[in-house]
Structure formats: structure tokens, C-alpha cells
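The numbering used here numbers the first residue of the sequence shown as 181 and each following residue consecutively.
We put the beta carbon where it would ideally sit given N, CA and C, even for glycine.
Have a look at the structure below before the remarks.
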Amino acid sequence: MPKYVFVTGGVVSGLGKGVLTASLGCLLQARGVKVTLQKVDPYLNVDAGTMNPYEHGEVFVTRDGLETDLDIGHYERFLGQDLGAANYLTTGQVYWDVITRERNGDYLGHTVQVILHITDEIKRRIRGAVDATGADVVVVEVGGTVGDIEGLPYLEAIRQLRDELPRSDVAVIHLSYLPILSTTQELKTKPTQHSVKELRTAGIQPDFIVARCPIEVPDSLRDKIALFCDVPHEHVIASPDLPTIYGVPLVMREEGLDEKLLARLGLAAGEWDLTAWEAFVDRLRSPERTVRIGIVGKYVELRDAYLSILEALHHAGAALATRVEVGWIPSGQVERDRERALAGYAGLLIPGGFGERGVEGKVFAAGYARRAGIPYFGICLGMQVATIAFAREALGWEKANSTEFDPHAPYPVIGLLPDQGTVTAKGGTMRLGEYAMRIVPGTLLHDAYGTTEVGERHRHRYEFNPHYRDAFAAAGLRPCALSPDGRLVEAVEAVGHPWYVGVQYHPEFRSRPLAPHPLFLGFVRACLA
Ligand code: GLN
181 MPKYVFVTGG VVSGLGKGVL TASLGCLLQA RGVKVTLQKV DPYLNVDAGT
231 MNPYEHGEVF VTRDGLETDL DIGHYERFLG QDLGAANYLT TGQVYWDVIT
281 RERNGDYLGH TVQVILHITD EIKRRIRGAV DATGADVVVV EVGGTVGDIE
331 GLPYLEAIRQ LRDELPRSDV AVIHLSYLPI LSTTQELKTK PTQHSVKELR
381 TAGIQPDFIV ARCPIEVPDS LRDKIALFCD VPHEHVIASP DLPTIYGVPL
431 VMREEGLDEK LLARLGLAAG EWDLTAWEAF VDRLRSPERT VRIGIVGKYV
481 ELRDAYLSIL EALHHAGAAL ATRVEVGWIP SGQVERDRER ALAGYAGLLI
531 PGGFGERGVE GKVFAAGYAR RAGIPYFGIC LGMQVATIAF AREALGWEKA
581 NSTEFDPHAP YPVIGLLPDQ GTVTAKGGTM RLGEYAMRIV PGTLLHDAYG
631 TTEVGERHRH RYEFNPHYRD AFAAAGLRPC ALSPDGRLVE AVEAVGHPWY
681 VGVQYHPEFR SRPLAPHPLF LGFVRACLA
């Protein structure tokens, strides 16, 4: 029988439920347990694709083309596995299914209600994660904070599962926060007590309390939490602030979270094999050199908007014994200060993006990196602006642009993908998910990948206009990866430049701590040179 573990959050958001869930997955997997992870997001959006990165951080794209919350990215990185549609669930999806069934007449004669129909659908989808992956344990992260109205149907579904299944098949871990009073340097447990009370109101008694805390938690405080929250003393787990999220599995192992959870679930498991993980964390902590990379973007105020790119840079950095220091450059600032805004970086990276604001700053940065011989990595929009800059500067096509920004551009060097012409709805309609491509032998890209056949993940509506392909190649911006039918240009590189690469896809989604992405490795290496 599969086991269900739920991770809920209390007190405040942003405590790192995703990282805790991912860390638990990492630990259980390292002990030979077949585990999968699932995120439930209680908002009404069907997926994360239509949400503003300012509010929700990056949209993570799975291999099968779902636009998900960034926590799925943590899961993939900590498990070293590709996940998919079964691992991500929103209220929007749940209601969509129930309402569709209602329209089909599947509930004919019944009143369709939250308790029973919605909660049944939630349970069906949680079980679906097990069916889709064949896992023995599924760890389900419940988004939001206990007490949120949106979260209530999920808590009710968990409560029902606890009733329906044997006690040893379901466990609940509550992630909470111990604030510190600045005047007395005292950790306070009251908010935790209150959030557990809130959980109990929904009929759920947690089995473990994981307490995020800025400083060491004294034993007496663990006693207090155990007493007031009604959990065994040894089920109070301290999760201190760490310099890297990749250290969390190691601290949780030290606290015995996985060991105690397995005991609670009545599961036997082997010893951990975490040697490679530990070595990775060591490399992260003790770099031999530092390299400064500038990221030019529109959402630089919020680091989470570019989370996977940051992680991919750190994975590559660790492999090269290098600390990657990122400088955030707002594209608006480049528009004002030109090259002055770009000074002092060993390399420039332009990530994906949408809409006209700030795009001229990015075009300038891409052109500047090419002319100045600075390593450049353009991802999605970053490839498109590199193409625009090249058209204007090297081909002399003054008003070259993407039709996304200028529908009447005289040189539409970036245009809509053929099948996007008639698309008007925004949700889930881009070119999404993994597509195979062919790498042109003898290119920088070929050198980095060491192979000619790769699959990469996409999320875009516009593409390199194939009409101009030969003109670009002749002037020195050569297509270096194509779709298998040879029609779509998936990557370009500048001939004669130390490292100038633009890719239409998102390599950052495939980078893993123990398997850094070859292009991020190539880019960081070039920045070091
Ligand atoms: N806005 C561009 C497009 O849709 C780039 C998208 C992206 O960078 N993810 O093609």
C-alpha cells in the first residue's frame, strides 16, 4: 500500500515548504525508497502560466509541457528526476474536472458540492500521483498557509484520507516558524501553537512539527512545542537558516526526520547514499574562485522570477569550483546608462521574458556583449534580442525587431510561430514542453553538448524568422541547432566570438545539482577564461 505524507505550512508564507518537501524526497530516495512529490496549489488558476512572476516567481515548465509553480523545479533538482502533470495540482484543475463532469450529466440528480465532489476529486488526483509514478511514498506539499480559505478543501481531503486509511499510511508534517524578539533574543512558540490549533480545527493533528528558526532551538523549547502541539518531543524538528538550500536534506537527516517518518509509516529502508550530494554541497561551500555574471531582466527585483537560472549557474559553478556572483541589472537601467550599466561583469545573461517594456535595454546589452567580446548567454527572449541586435548592427537593418514588439517592423527577424497565428487564448497555448532538436556539428553548441541529438524544454510563441536564416549565417550569426525537420532555428551563435550563444529553449529547467547543464558549464567556463 502506498504511503501519503502531507506537508502543510503555518504562521507565514515563504518558509520553504517546497525545499522541505524536496529535501524529504531526496533523503527517502537516497535510502532506496520509491518516492514521488506533488504540489497542490489552492488558487483557481488552472496552471501557473498566466501568473505574474512578480507575484509567484518563475513559471517552471515540465518535460510534458505543463506550466507549473517553481516548487516543481526544486523537486526535480532534489530528486534528479523529471516530473510531470501528475505532480502538480491546482484548485482550477479540480473544479474544471468536476464542472465538466457535471455538464456531462455524470452526477445527474445530485447536488454537486465541495465536500464530497471536490474533496473526492482532490483525493483522486493525489492517488493519481502514485498511479502515474508507481511510487511507494508520495509527499504532498499543500501550498499556502493553514487557515487560508482556499486551502480548506485540501485539509478536509487530508482529514478524510486519514480516516479512510490505516493510521500508518498517512502522516502530516507541519512546517512552522519561530520568530525571535530582537530585544530579548528570545524564540517564541506562540505562533506555532496557534497554527497547529488552526490545523486541528480542520480535524488534523500533525505528526511532526518542523520549526524554521533563525538560531539554534534549545531543548526546553522543543519540550514546550511538543507539549502544546501534542507531538512527541523527538518529532519536533529544527530547521535553521542555512547558506544553501542544498544543505537542508543533510540537516534534516541529522535531525532524523526521514528516520522518524519511516518509523511512523512502518517502512523499512536502507542506509543513505548521499556521497555525491555531500560532495556537491562541499564544493558549493568552498569555491576556489569567484566569477561575476550580470543578468539583465525586467523582474530583477524578485530573485524567484529567475530561480532555475540562478540554480543552474550555481550547479555549473560548483562543478568548476567557482562561486557565481550574480549582479542584477534592470533592463530599464541599461536603457538609461548604456554600457555603464553593464561594466564589471565577466559575462552577461539575458533570460526569458514577455512584453515590450525594457526590451530595448536588452537589445543593447546583447549587442554590447557581442561587440566587446564578453561571453553572452541568451535564453529564449535573450536569443531573440541577440538576433535583433545583430540584424540592426551587423546587417544594418535599422528597424529590425520582433513582431511581438513592433508588428510592422520592416525586418521582422523574430516572428510568430506558424501555429500561433490564430491563437487568442493565453492559458497553456504557447509552444510548451520538451522538443527534440539536432545540433550542427562543429559548433560551440556541439562542443558543449558533445552530441547532436538533444531534447530541451520550450515556452514561447515567437521564433527566429526562417526567411532571414542565410543572411544571418553569412554575416556571422549562425543557426547551430534546428528542429528535426530542419524548419525551426532553436539556437544561434556568433562566429569568431569567444562564447556568444542564444537558445530559443530553457536549458535551466534541466540543470541538476549532480548533473549541471552543459551550456551553463560552457558559459561559466567562458566567463572564467
Ligand atoms: N516573448 C517571447 C516569445 O513568446 C519569449 C518568451 C520567453 O522568453 N519565454 O517568444
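Which of helix, strand or coil does DSSP assign to Pro233?
Note: Pro233 maps to helix in three-state DSSP.
What do you reckon, are the CB atoms on Phe258 and Ala309 nearer than 9 Å?
Cβ atoms of Phe258 and Ala309: not closer than 9 Å.
Say yes only if the C-beta of Tyr479 is nearer than 8 Å to one or more non-hydrogen atoms of ligand 1, and no if none qualify.
No, since every heavy atom of ligand 1 falls outside the 8 Å radius drawn around the Cβ of Tyr479.
Any idea if Gly474 is buried or exposed, counting beta-carbon neighbours within 10 angstroms, 16 or more meaning buried?
It is buried - the Cβ of Gly474 has at least 16 other Cβ atoms within 10 Å.
Rounded to whole angstroms, what is the Cα-Cα separation between Ala674 and Ala351?
Roughly 54 Å between the two C-alpha positions.
List the whole-angstrom C-beta distance separating Leu522 from Tyr548, where the pair is believed to meet the contact cut-off of C-beta under 8 Å.
Indeed, because the Cβ distance is near 6 Å, the residues count as touching under 8 Å.
Name the residue from Ile559, Tyr648, Val322 whose alpha carbon lies nearest to the alpha carbon of Leu571.
Rather than Leu, the amino acid found at residue 571 in this sequence is Ala. When each option's Cα is compared against that of Ala571, the closest is Tyr648.
Beta carbon of Glu584: closer than 8 Å to some heavy atom of ligand 1?
Answer for Glu584: yes, Cβ within range of ligand 1.
Among the residues of its own chain, which have a CB less than 7 Å from the CB of Gln373, if the five just before and after it don't count?
Excluding sequence neighbours, Gln373 sits near Phe408, Cys409.
Measuring alpha carbon to alpha carbon, tell me which residue in Ser419, Ala456, Leu500 is nearest Glu468.
Of the listed residues, the one whose Cα sits closest to Glu468 is Leu500.
Which class does Met432 belong to by DSSP, given the choice of helix, strand or coil?
Of the three classes helix, strand and coil, the one that applies to Met432 here is helix, per DSSP.
Less than 9 Å between the C-beta atoms of Leu561 and Gly607, yes or no?
Taking 9 Å as the Cβ cut-off, Leu561 and Gly607 do not qualify as a contacting pair.
My guess is that Gly383 and Pro222 are in contact by the Cβ rule of under 8 Å, so how many angstroms apart are they, rounded?
That belief does not hold up - the Cβ atoms of Gly383 and Pro222 are roughly 17 Å apart, past 8 Å.
Determine, using beta carbons only, whether Leu355 and Thr188 come nearer to each other than 9 Å.
Cβ atoms of Leu355 and Thr188: closer than 9 Å.
Given 8 Å as the limit, is there contact between the region 486–503 and the region 641–655, that is, 3 or more CB pairs closer than that?
No, they do not touch.
Counting C-beta neighbours from all protein chains within 10 Å, is the total for Tyr556 16 or more, i.e. buried, or is it exposed?
With 16 or more other Cβ atoms within 10 Å, it is buried.
Closer than 8 Å to a non-hydrogen atom of ligand 1 - does that hold for the CB of Val682?
Sequence inspection shows Gly at residue 682; the Val mentioned does not correspond to that position. Checking every heavy atom of ligand 1 against the Cβ of Gly682, none is found closer than 8 Å.
Are the region 228–237 and the region 476–495 touching, with three or more C-beta to C-beta distances below 8 Å?
The answer is yes - the region 476–495 touches the region 228–237, with three or more Cβ pairs under 8 Å.
For Ala671 versus Tyr685, is the C-beta spacing smaller than 9 Å?
Yes, Cβ-Cβ distance for Ala671 and Tyr685 is below 9 Å.
Ordered along the chain, which non-local residues of its own chain (more than five positions away) have a Cβ less than 7 Å from that of Asn645?
Pro592, Val593, Ile594, Gly595.
Pop quiz: Pro664 and Ala616 are said to be a contact at Cβ under 8 Å. What is the actual Cβ separation, rounded to whole angstroms?
Going by Cβ atoms, the distance from Pro664 to Ala616 rounds to 5 Å, so yes, they are a contact pair.
Label Met181 either buried or exposed according to how many other C-beta atoms from any shown protein chain fall within 10 Å of its C-beta, with 16 as the threshold for buried.
Its Cβ having fewer than 16 others within 10 Å, Met181 is exposed.
Hey, is the region 299–315 in contact with the region 267–279, meaning 3+ C-beta pairs nearer than 8 Å?
Touching, yes, given that three or more Cβ pairs across the two stretches are closer than 8 Å.
Report the rounded CA-to-CA distance for Phe689 versus Ile329, giving the unit in angstroms.
Those two C-alpha atoms are separated by around 32 Å.
On the DSSP bridge assignment, give the partners of Ile353 in chain order.
Paired residue(s): Val187, Phe388.
How should Ile559 be labelled, buried or exposed, when 16 other C-beta atoms within 10 angstroms of its C-beta is the threshold for buried?
Under this definition Ile559 is a buried residue.
Which residue or residues does DSSP assign as beta-bridge partners of Pro592?
Partner(s): Asn581.
Helix, strand or coil for Gln373 per DSSP?
Here Gln373 sits in helix by DSSP.
Comparing C-alpha positions only, which one of Arg537, Leu200, Ala456, Ser511 sits nearest to Ala545?
Cα-wise, what sits closest to Ala545 is Ser511.
Only counting the same chain, and skipping five residues up and downstream in sequence, which positions put a Cβ closer than 6 Å to that of Ile425?
Val199.
Cβ of Ala391 within 9 Å of Cβ of Leu430?
Contact flag unset, no.
Could you tell me which of Asp277, Glu396, Ser419 sits nearest to Phe388, measuring between CA atoms?
Of the candidates Asp277, Glu396, Ser419, the one whose C-alpha sits nearest the C-alpha of Phe388 is Ser419.
By Cβ distance, which residues of its chain are closer than 6 Å to Pro590, with the 5 residues on each side in sequence left out?
Around Pro590: Lys579.
Could you pull the start and end residues of the alpha helix (DSSP H) that Lys542 belongs to?
Counting along the chain, the alpha helix (DSSP H) containing Lys542 begins and ends at 539–552.
Within 10 Å of its beta-carbon, does Ser362 have 16 or more other beta-carbons around it, so buried, or fewer, so exposed?
Exposed: under 16 other Cβ atoms inside 10 Å.
Could you tell me how far apart the beta carbons of Ile395 and Leu367 are, in whole angstroms, since I believe they sit closer than 8 Å?
Contact holds; Cβ gap of about 7 Å.
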